[in-house]
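Residue 100 in this note's numbering sits at position 15 of the sequence shown, and the numbers go up by one each step. Yeah, the Cβ is synthetic: ideal placement off N, Cα and C, and Gly gets one too. Below: the structure, in structure tokens.
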Amino acid sequence: MACAREWLTTRRPTEEEARLLDIDPGDPVLSLGIAVHQASGEPIIASVAVLPGGRHEIEDTYPLR
């Protein structure tokens, strides 16, 4: 079975991120990452999104077994 791992991190932006997001260098950002692997452990895809901390709300819904 394939699996996905997600992680959330709050941090200060890099200089480039602050410039691209049009935020102050001291403003926090939310970094959201995901890595998807095949059952063998071979990676399929990985992605990281960096969001301005004061402009986003994240909601997640998932089934419980």
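Asked: Cβ neighbour criterion (16 or more within 10 Å) applied to P98; Found: buried
Asked: Per DSSP, cross-strand counterpart(s) of G118; Found: W92 and V133
Asked: Whether A124 touches A87 by CB criterion (7 Å); Found: yes
Asked: Anticipated Cβ contact below 8 Å, I119 with A131, distance rounded; Found: 7 Å
Asked: Those residues which DSSP pairs with P128 across a bridge; Found: H122
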